[in-house]
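A.B. asks: The following block contains the structure, expressed as structure tokens.
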Amino acid sequence: PVQGVALIYSFSAFFILAMTGLPKISQMSKAYLFGCGALFVGYEILFLVSIALSQNRDQVMVIAMINYLWPPLMIVFSIFAKQLNYQWPVIIGFVVAIIGLMLVVNPDILNISKLLHIIQQNPMAYIFAFIGALLWPTYSILTKKYAQGQNGVPLFFLVSVAMLWMVHFIIQEPFILPSKDMWFTIAVLGSLIGVAYSNWNQSVQYGNMKLLITATYFMPILSTVMSMLILGVSPQLSFWIGTT
């Protein structure tokens, strides 16, 4: 599992470097380079390792649900950073948004006994995912404050890739040579991920924060819809309730 993610992110790093080149480190503020860089790498490693630690589909669904806590958390962190104005209805919206996201990503959230049983099976993976869900909105908020127009994503990706391969070798995971079709899939996924992260860096710096945060709520919905199409699964009632 770690090897697969490391290969995909290696292509992401290569694609970003081919498009933008190496960033000018001397022009970056230390807060952005080291602070935001550490948050970026920390999120990637924690979230991807939590996926690698998952043992079945149910655990992956719970990890995805935890990861998608970051959009509503970004609202809270933006208020603390004074990048958004606070009004009391946001508290109600925050709670409703979390419930909706959980229903969309993981319909089994309503089955409390099953959910607790799944969590007890692999608590470390969920802890990693939750810490990652805290790190990403923190990274985004601080990037808006300290990046000053710079794009350190290519460098952050290189460090993330190096860390992933390090984890791969530390846990002595056997290297499996992908097939030709799999190499194509890895290249396409890696390129798309690279474009997405590079664009996100620009969006948090220059975009309207209210509109940007609103748009992030479509991510778990689109992700779930794509998963359903790939797996041939029909949406349940909880999906439509959560989307609403």
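Position 96 (the sequence shown) corresponds to 278 in the numbering used here; numbering is contiguous. Glycine included, every Cβ here is placed at the ideal spot set by N, Cα and C.
#1: If I measure Cβ to Cβ from Ser322 and keep anything under 7 Å in the same chain, skipping five residues before and after, which residues do I get?
#2: Quick one: what's got a C-beta closer than 8 Å to Gln418's C-beta in the same chain, skipping five residues either side?
#3: Quick check on the burial criterion: 16 or more other C-beta atoms within 10 angstroms. Buried or exposed for Trp252?
#4: What are the boundary residues of the alpha helix (DSSP H) that Gln354 is part of?
#5: Between Ile248, Val286, Ile375, which has its C-alpha nearest Ile423's C-alpha?
#6: Using a threshold of 8 Å, state whether the C-beta atoms of Val377 and Val184 are closer than that.
#7: Alpha carbon to alpha carbon, how far is Leu394 from Ala307? Give it in angstroms, no decimals.
#8: Where in the stretch 296 to 366 do unbroken runs of the alpha helix (DSSP H), each at least 4 residues long, occur, reported from the N-terminal end onward?
#9: Hey, how far is the Cα of Ile281 from the Cα of Ile261?
#10: Evaluate Tyr191 with the Cβ neighbour count: other Cβ atoms within 10 Å of its Cβ, from every protein chain shown; 16 or more gives buried, anything less gives exposed.
#11: With a cut-off of 8 Å on the beta carbons, I'd call Ile301 and Val244 a contact; round off their distance for me.
#12: Assuming Phe338 and Phe222 make a contact with CB atoms under 8 Å, what is their CB distance in whole Å?
#13: Restricting to Cα atoms, I'd like to know which of Ile227, Tyr328, Phe357, Trp270 is closest to Ala315.
#14: Using C-beta distances below 8 Å, list every residue in its chain close to Val242, excluding the 5 sequence neighbours before and after it, in chain order.
#15: In the DSSP assignment, find the unbroken alpha helix (DSSP H) run with Ile281 in it and report its ends.
C.D. replies: The relevant details are as follows:
#1: If we look at Ser322 and ignore the five residues flanking it on each side, its Cβ neighbours are Met256, Val386.
#2: If we look at Gln418 and ignore the five residues flanking it on each side, its Cβ neighbours are Pro289.
#3: By the neighbour-count rule (16 or more Cβ atoms within 10 Å), Trp252 is buried.
#4: That residue, Gln354, is in no alpha helix (DSSP H); it is neither H nor E in DSSP.
#5: Among Ile248, Val286, Ile375, the Cα nearest to that of Ile423 belongs to Val286.
#6: Result no, Cβ atoms of Val377 and Val184 do not sit closer than 8 Å.
#7: Taking the straight line from one Cα to the other gives about 29 Å.
#8: The qualifying runs are 305 to 328, 335 to 352.
#9: Rounded to whole angstroms, Ile281 to Ile261 spans 20 Å at the Cα level.
#10: That one is buried.
#11: About 7 Å; that satisfies the 8 Å criterion.
#12: About 4 Å; that satisfies the 8 Å criterion.
#13: The option with the nearest alpha carbon to Ala315 is Ile227.
#14: So the list reads Ile233, Ser236, once near-sequence residues are dropped.
#15: Per DSSP, the continuous alpha helix (DSSP H) segment holding Ile281 begins and ends at 271 to 287.
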